[in-house]
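Take a look at the structure set out below.
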Amino acid sequence: MPVTAMAADPAYKVLVFSKTAGFRHDAIPAGITALRELGTANNFTVDATEDAAAFTTANLAGYRAVVFLMTTGDVLNAAQQTAMESYMAAGGGYVGVHAAADTEYDWPYYGGLVGAYFSSHPAIQQVTVRVEDAVHPSTAHLPRAWVRTDELYNYRTNPRSTAHVLATLDESTYSGGTMGADHPIAWCKPYQGGRTWYTGLGHTAASYTEPNFRAHLLGGVRYAAGVVAADCGTVTQPPATGTVEAESFTSQFGVQVVDKAPAHGGRAVGYIDNGDWLGFSSVASAGATGFSARVASAGAGGTIEVRAGSATGTLLGSVPVTPTGGWETFQTVTTTLAGTGTGPLFLKFTGGAGSLFDIDDFTVTRGSTPPTPTPTPTPTPTPPTGAVLLSSGRPVTASSTENAGFPPSAVVDGNAGTRWSSAFADPQWISVDLGSTKSVTRVRLQWEAAYGRAYRIETSTNNTTWTAASSTTASDGGTDDITIPATNARYVRVYGTQRATAYGYSLWELEVYGS
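Counting in this note's numbering, the sequence shown runs from 320 upward without gaps.
In C-alpha cells form, the structure reads like this:
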C-alpha cells in the first residue's frame with residue numbers, strides 16, 4: 320500500500336532499529352515492511368537492524384533519520400548512547416514508534432528525546448484520536464476525529480509542557496485511560512540540535528496496512544529527516560475546555576466506581592460520603608476558570624469542592640449538589656473557579672451522613688468565558704418524566720456538508736465515532752424530521768472540537784415557519800443538554816450563527832427528547 324511519492328524529497332537513508340531487551344511486539348516485521356514500502360515510494364532507503372553496533376558516530380552520520388521501532392528495555396551501551404547524542408546534536412532526526420517509550424529508562428537524555436515514558440495500557444480496543452495539528456505532515460491527512468483500534472499507552476508524565484502535541488486520545492471513547500482530559504498520543508519537537516517525532520500508536524500488525532496510519536508514519540519520518548518543514552517548536556496548550564470521566568481518577572479516598580446505564584460510558588463514581596475525594600494527576604488546575612459536573616442524587620446532596628494540588632489544597636471554587644430525584648437521574652451543576660491554582664486538580668466532597676451523590680463526568684473551562692454558576696439552591700432543571708428519544712434514525716437535512724465523509728445522518732445514528740461537519744462559514748443549520756408532530760422537551764448536542772459558539776434551537780410544524788425555543792451566544796462546546804418548555808413540533812433544527820473555530824459546525828449526535 321504505497322503512499323503517493325513526495326517528488327520534491329531528495330534521496331536519503333533511514334535507519335530502522337528494532338532491538339528488544341524486554342517485551343517483543345509481533346508487529347515489528349510488519350513495521351519494517353511498511354517502512355521499506357514507504358521508502359520505495361517516497362525516495363528514501365531503509366536499513367533495518369537489531370544490532371546496536373550500528374550506533375557509531377561515523378555510521379549514524381549517513382542517515383537523515385533513525386527510527387526506534389517498538390524497541391524495549393536497555394538497548395544501547397554507554398558508547399552507543401554517546402553516538403546517538405552526537406548524531407542528534409549534528410542535526411539528526413529521531414522517530415519513536417509505540418514501545419519506543421518503553422525503552423532506556425535509565426538514560427535521562429533518551430527520556431527527553433522520546434518525550435514521555437510508558438506507564439501502562441488497557442486491552443486493545445477502539446478509540447477516537449483527536450487531531451490537534453491539522454497542518455503537520457503526519458496529521459494533516461487525518462480526520463479531526465480518527466477512529467481506530469490499537470493498544471493505547473498511558474504515560475508517566477504529560478509531554479505537553481515540552482513538546483508540540485499533534486494528537487490526543489479521547490478517554491471518553493474507551494476504557495482504561497489514566498491521563499484524563501489531556502492525553503497526548505503523538506508529538507514532535509526540536510531536541511538538542513535535531514528533530515524528534517513520536518507516536519504511541521502502532522501496536523498491531525494491522526496498523527501497518529492502514530493507509531491513514533502509514534501516512535501518519537511517513538509524515539513523522541519526513542519531518543524527522545528534515546525534508547519537510549513543520550512547526551514543532553511551539554509548545555501547545557491543553558484544550559480550553561475538557562470533559563473528564565470521573566472514573567478516570569488517578570487517586571481517591573472512600574469512593575467506588577459503579578455501573579450505571581444513564582452515565583456517559585455506562586459508569587460513574589458512587590458511594591460518595593462526606594470527606595471523600597478524587598485526584599486527577601493529568602488535569603491541571605492552572606488557569607481553570609469554570610467547572611461543571613454531571614451528578615445524580617437520591618440522598619441529601621452535598622457540595623463539590625474544586626481544589627488545587629491536593630484534597631486539602633487551595634480551594635478554587637465549590638458547587639452545591641441538590642437531590643436530582645433519583646440515582647439514575649443526572650443533572651449538570653456549574654460554578655466559576657478562581658483561576659489561580661497550581662498542580663493537579665482534586666475534587667473533595669462534603670455533606671451530611673450517608674451517600675451524598677454520584678458523579679459521572681466533569682468539565683473544566685480555561686480562559687475568559689467560564690460557565691454561568693448554577694443558582695443556589697435551585698437545582699438544574701430535569702427533563703419531564705417519560706421523555707423518550709425521538710430523533711434516532713430519523714431523516715436529517717443540513718445547509719451544507721464539509722464532504723461525503725461527514726453526512727448529516729451521522730448525528731442520529733447513535734455512533735459516537737461518526738459526525739456531521741458543515742462548510743467553514745456562518746450561518747449553518749442542521750434539521751431532523753421527527754415524522755409527525757411530537758411534544759418536544761429537551762435537545763442534547765454532542766459537539767466535536769469544532770463547535771458552535773452561538774446558535775439557536777428552533778422548532779417547526781411545517782419545515783417553513785420556525786420558532787426559537789432556546790438560544791445561546793456563549794456555548795463552550797462538549798455536551799449541551801438543553802431543556803425547553805414543551806413544544807409541539809415535527810422538525811427541530813440547530814441554527815448556528817457563530818463558529819468557535821475556523822472550521823465548520825461539527826456534531827457527533829443531535830438528540831431530541833419528548834413524547
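All C-beta atoms, glycine included, are put in the ideal place defined by N, C-alpha and C.
Exercise. Skipping 5 residues on each side, what residues in its chain have a beta carbon closer than 8 Å to that of Asn782?
Worked result: Position 463 of the sequence shown holds residue 782. These residues qualify, in order along the chain: Ser750, Asp752, Arg809 and Tyr810.
Exercise. Just curious, the alpha helix (DSSP H) that Arg541 is in, first and last residue?
Worked result: As a working note, residue 541 is residue 222 in the sequence shown. Here the alpha helix (DSSP H) through Arg541 covers Pro530 to Ala544.
For this session: Taking all protein chains shown into account, decide if Asp550 is buried (16 or more other Cβ within 10 angstroms of its Cβ) or exposed.
Result: Indexing the sequence shown from 1 puts residue 550 at position 231. The residue is exposed, with fewer than 16 neighbouring Cβ atoms inside 10 Å.
Problem set entry | Any non-hydrogen atom of the ligand MG within 6 Å of Glu451 CB | Here there are no bound small molecules, and the ligand MG is not part of this structure.
Exercise. On the three-state DSSP scale, how would you describe Leu826?
Worked result: For the purposes of this step, residue 826 is taken as the residue at position 507 of the sequence shown. DSSP places Leu826 in strand when its eight states are reduced to three.
For this session: Compare the C-alpha of Val588 against each of Ile776, Tyr331, Phe681 and Ser834 and name the closest.
Result: Counting from 1 along the sequence shown, the entry for residue 588 is found at position 269. With distances taken between Cα atoms, Val588 lies closest to Phe681.
For this session: Compute the Euclidean distance between the alpha carbons of Val602 and Ser494, then round it to the nearest angstrom.
Result: Numbered from its first residue, the sequence shown carries residue 602 at position 283. Numbered from its first residue, the sequence shown carries residue 494 at position 175. If I take the Cα positions, the gap works out to 17 Å.
Exercise. Cβ atoms of Leu461 and Asn531: under 7 Å apart, would you say?
Worked result: Start at 1 with the first residue of the sequence shown, and residue 531 comes out as number 212. Start at 1 with the first residue of the sequence shown, and residue 461 comes out as number 142. A contact, by the Cβ cut-off of 7 Å.
Problem set entry | Closest Cα partner of Ala582 within the set Thr622, Ser616 and Leu656 | Taking the sequence shown and counting its residues from 1, one reaches residue 582 at position 263. If we check each option's Cα against that of Ala582, Ser616 comes out closest.
Problem set entry | Residue from Asp677, Arg738 and Leu432 with nearest C-alpha to Gly512 | Along the sequence shown, one-based indexing puts residue 512 at 193. Closest by alpha carbon: Leu432.
Problem set entry | Val759, enclosing alpha helix (DSSP H) - first and last residue | Along the sequence shown, one-based indexing puts residue 759 at 440. That residue, Val759, is in no alpha helix (DSSP H); its beta strand (DSSP E) goes Gln747 to Trp766.
Exercise. Which one of Met407, Ala419, Asp800 and Val762 has the shortest CA to CA distance from Ala377?
Worked result: Here residue 377 refers to the residue found at position 58 when the sequence shown is read from its first residue. Residue Met407 is the option with its Cα nearest to Ala377.
Exercise. Shortest alpha-carbon distance to Pro441 belongs to which of Val759, Tyr474 and Gly833?
Worked result: The sequence position of residue 441 within the sequence shown is 122, counting from 1. Of the listed residues, the one whose Cα sits closest to Pro441 is Tyr474.
Exercise. What is the residue span of the beta strand (DSSP E) that Arg613 lies within?
Worked result: Position 294 of the sequence shown, counted from the start, is the residue given in the question as residue 613. Arg613 -> beta strand (DSSP E) spans Ala607 to Ser616.
Exercise. Between Val577 and the rest of its own chain, which residues show a CB-CB distance below 8 Å, the 5 nearest in sequence each way excluded?
Worked result: Counted from its first residue, the sequence shown places residue 577 at position 258. Around Val577: Arg586, Ala587, Val588, Gly589, Tyr590 and Asp677.
Problem set entry | Cα-Cα separation, Arg467 to Ser457 | Along the sequence shown, one-based indexing puts residue 467 at 148. Along the sequence shown, one-based indexing puts residue 457 at 138. When rounded, the distance between both Cα atoms is 16 Å.
Exercise. Are the Cβ atoms of Thr653 and Gly621 separated by less than 7 Å?
Worked result: Sequence index remark: in the sequence shown, residue 653 carries index 334 (1-based). Sequence index remark: in the sequence shown, residue 621 carries index 302 (1-based). It is not a contact, given that the beta carbons lie outside the stated cut-off.
For this session: Output the distance between the C-alpha atoms of Ala821 and Arg685, rounded to the nearest integer angstrom.
Result: As a first step, residue 821 is located in the sequence shown; it is residue number 502 there, counting from the start. As a first step, residue 685 is located in the sequence shown; it is residue number 366 there, counting from the start. Rounded to the nearest angstrom, the two C-alpha atoms are 19 Å apart.
Problem set entry | For Ile803, three-class secondary structure by DSSP | Here the question's residue 803 lines up with position 484 in the sequence shown. Correct three-state label for Ile803: strand.
Problem set entry | Which listed residue (Gly823, Glu624, Ala505 and Thr802) has its alpha carbon closest to that of Asn477 | Counting from one through the sequence shown, the residue named residue 477 turns up at place 158. When each option's Cα is compared against that of Asn477, the closest is Ala505.
Exercise. Hey, quick one: how far does the alpha helix (DSSP H) through Ala377 stretch, first residue to last?
Worked result: Taking the first residue of the sequence shown as 1, we reach residue 377 at position 58. Element bounds for Ala377: Thr376 to Leu379.
Problem set entry | Ordered list of alpha helix (DSSP H) runs contained in the region 329-387, each at least 4 residues | 347-361 and 376-379
Problem set entry | Chain-order list of residues whose beta-carbon lies under 8 Å from that of Gly789 (same chain, five-residue window excluded) | Locating residue 789 in the sequence shown gives position 470, where the first residue counts as 1. Residue identity check: residue 789 is Ser in the sequence provided, not Gly. Same-chain partners within the cutoff: Val762, Arg775, Ile776, Ile801 and Ile803.
Exercise. Using CA coordinates, which residue listed in Pro348, Ser604, Ala723 and Leu357 is at the minimum distance from Tyr331?
Worked result: Here residue 331 refers to the residue found at position 12 when the sequence shown is read from its first residue. For the residues Pro348, Ser604, Ala723 and Leu357, the minimum Cα distance to Tyr331 belongs to Leu357.
Exercise. For Leu488, which residues does DSSP report across the bridge?
Worked result: Here residue 488 refers to the residue found at position 169 of the sequence shown. Its beta-bridge partners are Val448.
For this session: Pull up the distance between the alpha-carbon of Leu664 and that of Gly598, whole angstroms please.
Result: Taking the sequence shown and counting its residues from 1, the one referred to as residue 664 is at position 345. Taking the sequence shown and counting its residues from 1, the one referred to as residue 598 is at position 279. If I take the Cα positions, the gap works out to 6 Å.
Exercise. What residue does the alpha helix (DSSP H) around Gln399 start on, and which one ends it?
Worked result: Counted from its first residue, the sequence shown places residue 399 at position 80. Gln399 -> alpha helix (DSSP H) spans Ala397 to Ala408.
Exercise. In this structure, does DSSP put Asp795 in helix, strand or coil?
Worked result: For the purposes of this step, residue 795 is taken as the residue at position 476 of the sequence shown. Looking at Asp795 - three-state DSSP - the assignment turns out to be coil, as it is neither helix nor strand.
Exercise. Could you give the residue range of the alpha helix (DSSP H) that holds Gly430?
Worked result: Here residue 430 refers to the residue found at position 111 when the sequence shown is read from its first residue. Its alpha helix (DSSP H) spans residues Pro427 to Val433.
For this session: On a CA-only basis, which of Arg613, Ala742, Val574 and Asp501 is nearest Asn722? Give me that one, please.
Result: For the purposes of this step, residue 722 is identified with residue 403 of the sequence shown, where counting begins at 1. Looking at the Cα atoms, Ala742 is the closest of the given residues.
Exercise. In angstroms, rounded to a whole number, what distance separates the CA positions of Gly430 and Glu423?
Worked result: Taking the first residue of the sequence shown as position 1, residue 430 is located at position 111. Taking the first residue of the sequence shown as position 1, residue 423 is located at position 104. In a straight line, the C-alpha of Gly430 is about 8 Å away from that of Glu423.
Exercise. Quick one: Cα of Thr791 to Cα of Thr631, how far?
Worked result: Counting from one through the sequence shown, the residue named residue 791 turns up at place 472. Counting from one through the sequence shown, the residue named residue 631 turns up at place 312. Going from the Cα of Thr791 to the Cα of Thr631 covers about 36 Å.
Exercise. Could you give the C-beta distance for Gly499 and Val416, rounded to a whole number, given that I count them as a contact under 8 Å?
Worked result: Walking along the sequence shown from the start, residue 499 turns up at place 180. Walking along the sequence shown from the start, residue 416 turns up at place 97. With 8 Å as the limit, Gly499 and Val416 do not qualify as a contact, their Cβ atoms being about 24 Å apart.
Exercise. Just the Cα atoms here: how many angstroms apart are Met389 and Arg343?
Worked result: Reading the sequence shown from its first residue, position 70 is the one you call residue 389. Reading the sequence shown from its first residue, position 24 is the one you call residue 343. Those two C-alpha atoms are separated by around 8 Å.
For this session: Could you check which residue in Pro503, Ser637, Leu764 and Thr784 has the C-alpha nearest to that of Val813?
Result: The residue labelled residue 813 in the question sits at position 494 within the sequence shown. Closest by alpha carbon: Leu764.
For this session: Please determine, among Arg738, Ser728, Ala768 and Asn807, the residue with the shortest C-alpha to C-alpha distance to Thr756.
Result: Your numbering for residue 756 matches position 437 in the sequence shown. Among Arg738, Ser728, Ala768 and Asn807, the Cα nearest to that of Thr756 belongs to Asn807.
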